[in-house]
Every structure is written in C-alpha cells, then in structure tokens.
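In UniProt numbering, the protein residues as written are 1 to 281. The next block holds one structure in the form of structure tokens; read it before the comments.
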C-alpha cells in the first residue's frame, strides 16, 4: 500500500467517528490499489482451497454505507464457489418458528469456503429491534447470547471477521437522494431505507448497544468509516487480508498440449442459426 496512505481511525462508536486532523496525504491511485488487493484475494482463494480453511465475514452497518459495493469489490475477481455471498430475505413463517440462529447456521462455510454475510444474525439487534419485529426481551437475549454463539464458531476452527460500516447523516442523505434521481439505483431504496433515514437516532442507540455488548476478544467488531467509499474498500480489504494467515500457493500451470486436427470427414452444419443482432453499431 502507498506509504503515504493511512487507514482511518475510530474510537469504536457508531456515531463518534474520530476525524483525522493531520495534513491531507498525497493522492493515491485507487484503481491500482484495489487491483493489487484483488490479486491478493485471488492468492487467498488458492490458499483457502488448499488448506481447507473456513472463513466467515460479516458486513453490517448503516443503510447506504456501502456494504454492497464493498462486497462487489471483494468478489468480482474470485470464484463464487469459494467466496459465497449470503443475503437472506425476510424470514418465512416456518423460519419464524425456528430457533433464531437456525437459518444462519445452515449457511456457515464448509472446508475451502469463505462465506460473506451481507447482513447477518445481527438483524435482531438492528432492524428487528428498532422496527418492532421482535420484542425488546428477545433483542436483549440475543445480545447476551451472540458472543457465546460466535465463540462456538471460532472454537470450531472458523475464522470470523465482523465489520460495521458507518456513514454520516449528510452523506447518507446525499446517497439516498442520488438513488431517488437515478433509475439504475432506484431499486436500492426500500421502505426500510426510508425508515432508517427517518429514525437515525433510534438506530444509533441500537447499534451502539449492539457493538458494545457483542464486541469480544474472539470476535471483535471492526469499524469502517465509509463516507469515502474508495478508502473504505481499500482499508477493509487490506484488513481482511492481514487478518487471515494465508500463504501464496504455487500455481501449477497446465500443459494445454495440442488441439486435435479437423477430421477429414467433418461437414459444417448449414442449418439456420439465430444469431443475436449487433447492437453496437
């Protein structure tokens, strides 16, 4: 990473991001840096497969904080068979009758997999609690049990990383307005997003308590300030790579050999084919 580039620092709170008052660092090349990190993610992938390692990465945070873009940059150059993204919809009636953690357990990784949760069991401490989808008693019980649940995951040999993306009120509003005005982004703005915008301080209280009660030595929360999306992506991906003790695996390049010759009796099929029209002209 550029020696003049420093990750942003926070004090661990949702609403209290520490601002860096140092002189602005020299400019850095985002495309070059994200490309370098994606190469390292490919090396990580090779090691995960060879070592049979299991990794869980949780992304939580404010609506419009950049979780989707972060996950896209992590996964766009690697195999979806190794890097599995889990973004569960609202629970069905059957799932509502199950033990709360049950549907998440089913998605935990097998050997050679990294599972990325685009929101996770922490829905209970955030949207479920604030919107009244669960009782306050159930939310408090979740906060008490979550560290123990995660301890069991870690003790089984799974590497567990938890990231919370923060965004300022002003930047969140700007991003919401951009979604409203841009047809290709309008699908990103849900009724829940509007509620989260209107109930900023309800969510602040809920998230602050969630982070305080579920931060542990075996599964700490890592705060990612994301008003600057590009810096957030570089900071977070670099941290993921630093947090997993992977080694580069030598790539054994296959010998392609020689392609077979065209058979002397081969006759090209002359039947009608429907070819997609060239729309680029």
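No residue lacks a Cβ here, since even glycine has one placed at the ideal position from N, Cα and C. Predicted model only: the values in this text are computed from it and were never measured.
Thinking C-alpha only, which one of 269, 274 and 249 is nearest residue 48?
The residue you call residue 48 lines up with position 48 of the chain shown. Answer by Cα proximity: 249.
From residue 260 to residue 276, what distance separates their C-alpha atoms?
For the purposes of this step, residue 260 is taken as the residue at position 260 of the chain shown. For the purposes of this step, residue 276 is taken as the residue at position 276 of the chain shown. Looking at the two C-alpha atoms, the distance is approximately 29 Å.
Check whether the Cβ atoms of residue 224 and residue 235 sit closer than 8 Å, and answer yes or no.
Counted from its first residue, the chain shown places residue 224 at position 224. Counted from its first residue, the chain shown places residue 235 at position 235. Their beta carbons are under 8 Å apart, which means residue 224 touches residue 235 by this criterion.
Let me know the secondary structure DSSP gives residue 225 once reduced to three states.
Translated into the one-based positions of the chain shown, residue 225 becomes position 225. Three-state result, residue 225: strand.
Rounded to the nearest angstrom, what separates residue 278 and residue 233 at their Cα positions?
In the chain shown, counting from the first residue as 1, residue 278 sits at position 278. In the chain shown, counting from the first residue as 1, residue 233 sits at position 233. Straight-line Cα distance between these residues: approximately 36 Å.
If you measure between the beta carbons of residue 230 and residue 104, is that distance less than 8 Å?
As a first step, residue 230 is located in the chain shown; it is residue number 230 there, counting from the start. As a first step, residue 104 is located in the chain shown; it is residue number 104 there, counting from the start. No, the Cβ-Cβ distance between residue 230 and residue 104 is not below 8 Å.
Among 101, 221, 262 and 203, which one has its Cα closest to the Cα of residue 141?
One-based indexing of the chain shown puts residue 141 at position 141. Comparing Cα positions, the closest option is 101.
N-terminal and C-terminal residue of the alpha helix (DSSP H) that residue 72 is part of:
Within the chain shown, the letter at position 72 stands for residue 72. Looking at the DSSP string, the run of the alpha helix (DSSP H) that includes residue 72 is 67 to 75.
For my contact list, residue 79 and residue 45 are in at a C-beta cut-off of 8 Å; report their separation, rounded to the angstrom.
Residue 79 sits at position 79 when you count from the first residue of the chain shown. Residue 45 sits at position 45 when you count from the first residue of the chain shown. At roughly 6 Å, the Cβ-Cβ gap stays under 8 Å, so residue 79 and residue 45 are in contact.
Exposed or buried, residue 106, counting other C-beta atoms within 10 Å across all chains shown (16 or more means buried)?
One-based indexing of the chain shown puts residue 106 at position 106. Exposed is the label assigned to residue 106, since fewer than 16 other Cβ atoms lie within 10 Å of its Cβ.
Contact check, residue 176 vs residue 193 under 8 Å by CB: the rounded distance?
Translated into positions along the chain shown, residue 176 becomes position 176. Translated into positions along the chain shown, residue 193 becomes position 193. 7 Å between Cβ atoms; contact.
With DSSP as the reference, please indicate the residues paired to residue 58 in a beta bridge.
Along the chain shown, read from residue 1 onward, the residue named residue 58 stands at position 58. 117 and 162, per the DSSP bridge assignment.
Less than 8 Å separating the beta-carbons of residue 56 and residue 160?
Locating residue 56 in the chain shown gives position 56, where the first residue counts as 1. Locating residue 160 in the chain shown gives position 160, where the first residue counts as 1. Closer than 8 Å, so yes.
At least 3 beta-carbon pairs within less than 8 Å: the region 235 to 245 vs the region 150 to 167
yes
Contained beta strand (DSSP E) runs [length at least 3] in the region 134 to 178, N- to C-terminal order:
159 to 166
Top-ranked residue by Cα proximity to residue 87, from 64, 121, 54 and 269
Locating residue 87 in the chain shown gives position 87, counting from the first residue. Comparing Cα-Cα distances from residue 87 to each of 64, 121, 54 and 269, the minimum goes to 121.
How many Å lie between residue 243 and residue 170 at the Cα?
In the chain shown, residue 243 corresponds to position 243, counting from 1. In the chain shown, residue 170 corresponds to position 170, counting from 1. Computed Cα separation, rounded: 32 Å.
Less than 7 Å between C-beta atoms, sequence neighbours within five positions excluded: which residues of the same chain meet that for residue 227?
Position 227 of the chain shown holds residue 227. Same-chain partners within the cutoff: 167, 168 and 171.
Per DSSP, cross-strand counterpart(s) of residue 266:
Residue mapping note: residue 266 aligns to position 266 of the chain shown, counting from 1. Partner(s): none; residue 266 has no beta bridge.
Does residue 194 come out as helix, strand or coil in the three-state DSSP assignment?
By 1-based counting over the chain shown, the position of residue 194 is 194. Three-state DSSP puts residue 194 in a helix.
To the nearest angstrom, how far is the alpha carbon of residue 152 from that of residue 255?
The count along the chain shown starts at 1 and reaches residue 152 at position 152. The count along the chain shown starts at 1 and reaches residue 255 at position 255. Looking at the two C-alpha atoms, the distance is approximately 44 Å.
What residues in its chain sit with their C-beta under 6 Å from that of residue 22, if we drop five residues either side in the sequence?
On the chain shown, residue 22 is found 22 positions in, with the first residue counted as 1. Legend: pLDDT at residue 22 = 44, less than 50; position of this residue unreliable, no value from coordinates given.
Cβ-Cβ distance between residue 125 and residue 108 below 8 Å:
Counted from its first residue, the chain shown places residue 125 at position 125. Counted from its first residue, the chain shown places residue 108 at position 108. Going by C-beta atoms, residue 125 is not nearer than 8 Å to residue 108.
Identify every residue that forms a DSSP beta bridge with residue 83.
Position 83 of the chain shown, counted from the start, is the residue given in the question as residue 83. 114.
Own chain, CB closer than 8 Å to residue 251, minus 5 neighbours either side, in chain order:
Looking up residue 251 in the chain shown gives position 251. If the five residues before and after residue 251 are omitted, its C-beta is found closer than 8 Å to the C-beta atoms of 46, all from its own chain and listed in chain order.
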